[in-house]
Amino acid sequence: MPAESEDEDETWGLREVTLNEYLRATSEERLRMSKWYGGIEKLEAKMEEAIKKSDYSSFIWVQKNSRKCPQCSIPIQKAEGCNNMVCTMCDTLFCYKCGEIISRNITFPFYLVKASQLEDEVLSTVTHH
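For this note's numbering, add 3 to where a residue sits in the sequence shown, where the first one is 1.
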């Protein structure tokens with residue numbers, strides 16, 4: 004919501020305070036910003052709303068771009084490489100593609116042990132690494 008503000012040249016115009024500006028602002032700067040919104044309470048309410056929207060956007064991104072660790076459920080994102088993942092929170096070794104925990108005691112690579120159970124698409128990507 005843009006608010007009226009006095010510019011440096013003492014003219015009035017519409018001014019939107021961004022969340023980054025608010026978070027970086029000193030107490031004095033926030034007090035000045037609050038005048039544009041009709042008081043500190045209104046400015047803080049607007050910024051709390053922006054934080055909630057930002058948090059929700061982050062939550063949605065994590066849901067779409069990560070998989071939960073099968074042991075501790077922390078979200079994990081795969082950037083590159085094979086599907087064998089190690090959770091940095093609980094040190095569980097697991098397959099990113101199917102979500103199954105991998106035993107550290109097996110002598111064959113997990114993708115060979117599980118090959119018969121994986122889809123053809125997954126098998127072709129795993130064997131080309």
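Glycine included, C-beta positions come from ideal geometry on N, C-alpha and C. Just so you know, these numbers come straight off a predicted model, no measurement behind them.
Of the residues assessed, asparagine 86 falls on the buried side of the cut-off, its CB having 16 or more other CB atoms within 10 angstroms.
Only exposed fits tyrosine 59, as fewer than 16 other CB atoms lie within 10 angstroms of its CB.
Just measuring C-alpha positions, the residue of Leu46, Cys72, Gly42 sitting nearest glutamate 24 is Leu46.
In the three-state reduction of the DSSP assignment, arginine 27 falls in the helix class. Under the rule that a run must span 4 or more residues, the alpha helix (DSSP H) segments found entirely inside the region 32-84 read 43-68.
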